[in-house]
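Anchor point for the sequence shown: position 82 equals 82 in UniProt numbering, and the numbering is continuous, going up by one each time.
Just below is one structure, and these are the notes that go with it.
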Amino acid sequence: MHTGNAPKVKKRNSYAKWGYIFIAPFFIIFAVFQLVPLASTIYYSFFQYYRQGLRIIGPNFIGFENFSSLFQTDLPKYLGNTLLMWVIGFVPQIVVSLLLASWFTNQRLNLRGQSFFKTVIYMPNLIMAAAFAMLFFTLFSDNGPVNATLQSMGLISQPFQFLSNVAGARGLVALMNFLMWFGNTTIVLMAAIMGVDPGLYEAAEIDGASSPQMFWRITIPLIRPILVYTFITSLIGGLQMFDVPQILTNGKGEPDRCTTTMIMYLNNHMYSKNYGMAGALSTVLFILCAVLCLLIYFSLTNDNDSAKKARKGGTRK
């Protein structure tokens with residue numbers, strides 16, 4: 001019988017714990033500064049909690065009374081303002097960004113000075129929204145350079161009141177959002193297009209496909225995940241639109257509150273220390289944002305999933 005010592009099994013060092021240690025700060029910060037405030041906001045939305053002079057009333061539990069009171073106000077109008085200004089700013093943004101991204105990444109065009117143009121179109125994104133709004137307020141005022149130029153060209157006989165006109169005020173807000181963000185969207189879409197296999201374009205060109213056909217049949221389907229990301233992030237930013245219309249209209253949302261957004265309305269409740277109504281509005285905005293993002297996600301990815309299933313079914317036959 002062999003009585004020798006059994007060989008010792010070496011213990012393997014597990015480095016998995018270091019991964020948890022490195023990602024722990026993110027989850028701790030997220031829980032403290034986002035998750036806890038979110039839960040607190042939803043909690044206080046069911047309470048009567050506001051300040052009247054120097055006296056604080058509440059918190060008194062009132063159930064869904066804040067939500068019912070909220071929908072009896074002009075909330076639908078402010079939601080419509082927000083979505084309308086986002087749409088008229090985002091549609092030209094995505095169109096121009098796709099066009100520029102396809103031009104800059106097209107090897108056959110080989111545009112010169114691409115680095116310069118990329119820097120120029122991204123620069124408005126670096127300007128603070130407050131400074132951008134003040135610039136537009138000065139440019140498009142009644143005695144501003146835009147009106148002076150239009151009058152000198154004979155296009156108008158008297159100054160056009162951009163900020164006192166519904167279409168003019170909404171158009172300025174949408175134009176500022178477009179100029180501030182189309183450069184960033186262009187860079188993101190360029191990165192997506194550059195990730196497409198060039199061999200697909202070469203094969204399509206050999207088969208006689210035109211540039212529009214390659215764009216719609218190859219580029220758009222393959223960059224769809226990035227397009228979904230762009231739509232969702234832009235929608236979230238659009239629903240949170242605040243600084244540009246707030247500064248441009250001095251917080252009044254004029255004319256006739258046509259530029260008042262949901263966050264501006266929320267800011268009024270926070271300014272008046274009505275925490276219950278502010279919590280209810282924040283909760284509604286959170287649910288609305290989640291629902292719209294899910295609708296965009298499933299609507300834009302449904303066709304892609306159906307195409308994949310169809311291809312799999314065809315190969316099994």
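Don't be surprised by glycine CBs; every beta carbon is placed ideally from N, CA and C.
A straight line joining the alpha-carbon of Thr283 with that of Gly113 spans about 47 Å. Contact between the stretch 223-231 and the stretch 131-145 is absent, with fewer than three C-beta pairs closer than 8 Å. Apart from sequence neighbours up to five positions away, the residues of its chain that approach Ile57 with a beta-carbon distance below 8 Å are Gln48, Tyr49, Tyr50 and Arg51, ordered along the chain. DSSP, reduced to helix, strand and coil, places Ile247 within a helical segment of the structure shown. Here Asn274 is buried. Its C-beta has 16 or more other C-beta atoms within 10 Å. 8 Å or more divides the Cβ of Thr249 from the Cβ of Asn81. Burial state of Asn184 is buried, judged by a 10 Å Cβ sphere holding 16 or more other Cβ atoms.
In the DSSP assignment, Gln48 falls outside any alpha helix (DSSP H) and lies within the beta strand (DSSP E) extending over Phe47 to Gln52. In the structure shown, Arg108 falls within a coil segment according to DSSP collapsed to helix, strand and coil.
Contact between the stretch 206-222 and the stretch 157-177 is not established, with fewer than three Cβ pairs separated by less than 8 Å. Among the bridge pairs identified by DSSP, Ile56 is matched with Arg51. Ranked by how close their Cα comes to the Cα of Phe231, the residues Asn268, Thr301 and Val244 have Thr301 in first place. Our two residues, Asp142 and Ser164, have alpha carbons roughly 10 Å apart in a direct line. For Phe182, DSSP assigns no beta-bridge partner whatsoever. Ser210 and Gly195 have their C-alpha atoms spaced approximately 20 Å apart. Asn267 is not bridged by DSSP to any residue. Secondary structure of Asn147 (DSSP, three-state): helix. Looking only at Arg257, Phe26, Trp86 and Trp103, the smallest Cα-Cα distance to Val166 is reached by Arg257. Here the alpha carbons of Gly253 and Pro198 stand approximately 49 Å from one another.
Cβ atoms of Ser102 and Ile193 come within 8 Å of each other, at about 7 Å. For Ser234, the enclosing alpha helix (DSSP H) covers residues Arg224 to Leu239.
With respect to Leu100, Ile121 sits close: the two C-beta atoms are nearer than 8 Å.
Per DSSP, Leu126 lies in no alpha helix (DSSP H) segment and is marked neither H nor E. In this structure, Gln93 sits near Phe178, with a CB-CB distance shorter than 8 Å. For Val36, the enclosing alpha helix (DSSP H) has its first and last residue at Val36 to Tyr44. A direct Cα-to-Cα measurement between Phe71 and Tyr78 gives close to 11 Å. For a cut-off of 8 Å, the C-beta gap from Gln246 to Met264 is around 6 Å, short enough to register as a contact. Taking C-beta atoms under 8 Å as the contact rule, Val146 and Leu139 qualify, at a distance of about 5 Å. Note on Val244: 16 or more other CB atoms within 10 angstroms of its CB, so buried under the neighbour-count rule.
Per the C-alpha coordinates, the member of Thr73, Glu202 and Leu38 positioned closest to Arg108 is Glu202. Secondary structure note for Pro198: its alpha helix (DSSP H) is the uninterrupted segment Pro198 to Ile206.
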